[in-house]
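Per the working numbering, residue 28 is the first one in the sequence shown, and the count goes up by one each step. First the structure, in the form of structure tokens, and then the observations on it.
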Amino acid sequence: MKRLTRLKQPKMNGQSSEASTNSSSSPSHAKTSNLLIKNQQFIESTLSDAGDLQRRHFKIEDKKASLYYLSSVTEYEKIERMLGSAFDSKRSLDDMLEHAAMFVPTNSKNKVIEALLEGRSVLLIDGEEMIYLLDTGSIIKRDTAEPMNEKVVRGSHEGFVEDLGTNVHLLRRRISSRQLAIQYHKIGTDTNTSVCIVYMKNIANPQLVQEVSKRIDSIEMDMTFSPGFIEEFLEDSTFSPFPQVLNTERPDRTMAAVMDGQIAIMIEGSPTCIITPITFFAFYQSPDDYNSRFYVGTFYRMIRILSFLIAILLPAIYIAVVGFHYEVIPNDLVLPVKTSVEQIPYPPIIEAIIMELTIELIREAGVRLPSPIGQTIGIVGGLVIGDAIVTAGLVSNIMIIVVALTAIAAFVVPSTEMNTSVRILRFPFMFAAATFGFFGISFAGMLLLIHLCKLESFGIPYFSPVAPFQWKDLKDTFLRMPVWLMNLKPTAYKPLKRRQQGYSRRWAKNE
């Protein structure tokens with residue numbers, strides 16, 4: 028015989044409920060009934076403005092019970108299935124509540140409210156002091172797909188999604204180790220957003236883990252809906268132009284970072300994972316470097332680092348040469364350059380700023396518009412504006428070439444955050460070149476180098492392994508040595524276990 032009566036039609040919050048006690052109850056029964064009523068009143072008063080709060084009243088073995096849930100974040104089919112399978116069995120109620128994994132007992136009223144807001148159902152039973160939570164949340168998420176900003180030619184084409192549980196699953200599937208540690212935190216007094224930090228217990232430095240947890244727990248804010256909110260609370264130097272954490276949407280890159288002793292921070296509602304601590308040269312590395320032959324990876328890595336110098340210095344060098352140092356131009360180029368520049372009615376710095384701002388406007392328009400239109404704006408806008416502005420005599424042909432090369436070099440950077448920093452940094456160099464020529468560029472370069480050497484990410488030198496110099500870590504910085512030679516983890520992250528593999532090519536007699 029079934030012990031669970033059929034659930035009644037849902038009653039929305041604010042509607043009258045059936046009586047929970049009767050006049051013939053015994054004193055002990057009246058006491059427990061009062062407890063049930065108090066719990067009901069607490070839930071209904073706390074969520075009095077929640078229009079989607081629903082309640083059901085039924086009996087289990089002649090005991091009155093109430094079920095509360097939020098219809099907007101709960102699947103009613105799960106409720107019917109879980110309660111039906113649990114209480115239609117031959118086991119007693121006490122045995123079922125004690126041993127059934129689907130019932131999570133709690134006596135914390137705050138946890139009850141949190142559970143309701145997260146999509147779980149709350150079961151109140153007359154005569155039971157504990158309140159039982161059921162995982163009946165509605166799961167709405169998109170399928171995994173390749174990240175738009177981190178495409179690779181070879182390798183995994185999976186990317187993180189907005190669901191935190193799915194992202195943890197993608198990471199656990201790649202690291203099937205009992206040493207993988209996951210700590211959950213809550214951020215936002217109103218949004219109550221789940222944040223988890225992931226690391227390897229036998230590799231990550233405990234002091235680093237403690238520091239990351241301390242900074243996350245110290246965040247006090249009403250809401251958070253993107254990693255950008257958290258980054259500014261975590262960074263050592265907020266006003267530095269350089270990002271001190273790495274954002275990625277790739278599970279394989281996150282896995283590699285965790286195995287090196289770094290810490291991954293994942294946030295509910297965001298497909299972006301924060302990796303920390305980080306060094307400057309990590310922003311110029313790509314998963315493709317490790318999916319190609321080592322000399323191919325080395326070549327493209329050096330191209331990216333060279334692009335950093337081109338993107339920052341090329342407009343400044345043009346301004347310095349045209350304004351101060353004509354003598355460095357080869358004799359065959361002096362006349363064409365002079366002819367092109369002398370028709371411009373204002374100084375080279377104004378010419379460069381006009382073109383740089385124009386390129387930034389075109390780029391921003393291309394990003395904000397829908398994809399097909401954005402690509403058209405970028406191509407047509409660049410060609411039309413470039414040709415018209417030269418024909419009108421507002422800028423020189425050489426300036427167009429310089430700006431085009433600078434824009435291409437900036438977009439070579441795999442990281443969007445570093446890409447933005449590089450584009451902004453070129454302007455101080457341009458002003459320094461317009462004021463003092465090559466001397467201004469040299470002075471600005473020294474200031475930039477000093478800043479990079481002083482910068483830290485969670486206490487880790489940002490410019491490592493150059494400053495402080497670590498010879499062995501150069502195997503995976505400017506160069507990408509063969510994998511079997513990279514048998515040590517980076518020193519900068521201070522891992523507990525430095526060696527990551529033994530010598531795997533003993534069979535090769537000529538090595």
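Even glycine gets a Cβ: it sits at the ideal position worked out from N, Cα and C. Please read these numbers as outputs of a predicted model, since none were measured by experiment.
Could one say the Cβ of residue i lies closer than 9 Å to chain D's Cβ atoms, at least one of them?
i, result
"E354", "In the structure shown, chain D does not exist; there is a single protein chain."
Reducing DSSP to helix, strand and coil, say where residue i ends up.
i, result
"S398", "helix"
"P268", "coil"
"Y489", "coil"
"T59", "Confidence at T59 is low in this model, with a pLDDT of 49, below 50, so the placement of that residue is unreliable and no value is reported for it."
"S72", "helix"
"F351", "coil"
"E156", "coil"
"T518", "helix"
"S367", "helix"
"T275", "strand"
"L151", "strand"
"A92", "strand"
"T385", "helix"
"P374", "coil"
"T133", "strand"
"Q67", "helix"
"R280", "helix"
Sorted by chain position, which residues of the same chain lie with C-beta nearer than 8 Å to residue i's C-beta, five sequence neighbours on each side aside?
i, result
"H4", "Any property of residue 4 remains undetermined from this structure, which presents the chain solely from 28 to 538."
"Q206", "M227, K228, N229 and I230"
"S24", "Summary: the structure shown does not reach residue 24, with the chain confined to residues 28 through 538, and so no result is reported for it."
Would you kindly work out how many angstroms separate the C-alpha atoms of residue i and residue j, rounded to a whole number?
i, j, result
"Y489", "L150", "52 Å"
"D359", "V439", "32 Å"
"A415", "Q527", "58 Å"
"L341", "E238", "40 Å"
"S221", "M457", "44 Å"
"P363", "N424", "10 Å"
"V188", "T303", "20 Å"
"L80", "M248", "27 Å"
"G350", "A460", "9 Å"
"P278", "S297", "13 Å"
"G393", "T385", "12 Å"
"I209", "I246", "19 Å"
"L515", "K213", "35 Å"
"W511", "S204", "22 Å"
"I428", "Y373", "18 Å"
"A519", "M250", "33 Å"
Select from the options the residue whose C-alpha is nearest the C-alpha of residue i.
i, options, result
"G78", "Q312, C223 and L144", "L144"
"D263", "I302, I487 and I380", "I487"
"Q312", "V179, D244 and R201", "V179"
"E177", "F310, M329 and V493", "F310"
"V131", "K241, R242, S99 and Y159", "Y159"
"V195", "E387, Y345 and T299", "T299"
"E21", "L523, S203 and N66", "Lying outside 28 to 538, the shown extent of the chain, residue 21 is not represented and no answer is given."
"F308", "K241, I294, M282 and F269", "F269"
"I347", "P375, G111, E369 and S367", "In the sequence as displayed, the identity of residue 347 is Ala instead of Ile. Of the listed residues, the one whose Cα sits closest to A347 is P375."
"V409", "S367, F321, L388 and L94", "Correcting the residue type first, residue 409 is Gly in the shown sequence and not Val. Comparing Cα-Cα distances from G409 to each of S367, F321, L388 and L94, the minimum goes to L388."
"R82", "N514, S148, G296 and I406", "S148"
"F252", "T218, F266 and V430", "T218"
"A379", "E369, R453, A142 and L512", "R453"
"E88", "I152, E104, R533 and V139", "I152"
"P509", "R320, M282 and T281", "R320"
Which same chain residues end up closer than 6 Å to residue i when comparing Cβ atoms and leaving out the 5 residues on each side of it in sequence?
i, result
"S334", "A436 and V439"
"Q234", "none"
"T325", "L506 and R507"
"I400", "none"
"N318", "R181 and G182"
"I371", "E378 and S423"
"V139", "V149 and I158"
"L261", "R242"
Might you give, ordered along the chain, the residues of its own chain that have their beta carbon closer than 7 Å to the beta carbon of residue i, omitting 5 neighbours on each side?
i, result
"H184", "E173"
"F69", "K136"
"E483", "D263 and Y489"
"E444", "P270 and N274"
"P517", "D287 and D500"
"T101", "G146, S148, T163, G164 and S165"
- Task: Any chance you could list the alpha helix (DSSP H) runs of at least 4 consecutive residues sitting entirely within the region 406-479, in chain order?
- Result: 424-438 and 443-463
- Item | Runs of beta strand (DSSP E) lying entirely within the region 158-231, each at least 3 residues, in chain order | 158-161, 207-214 and 220-227
- Task: Give, in chain order, every unbroken run of the alpha helix (DSSP H) that is at least 4 residues long and sits entirely within the region 287-339.
- Result: If we require 4 residues or more, the alpha helix (DSSP H) runs fully inside the region 287-339 come out as 315-318.
- Enumerate, from N- to C-terminal direction, the unbroken beta strand (DSSP E) stretches of 3 or more residues contained entirely within the region 232-266. none
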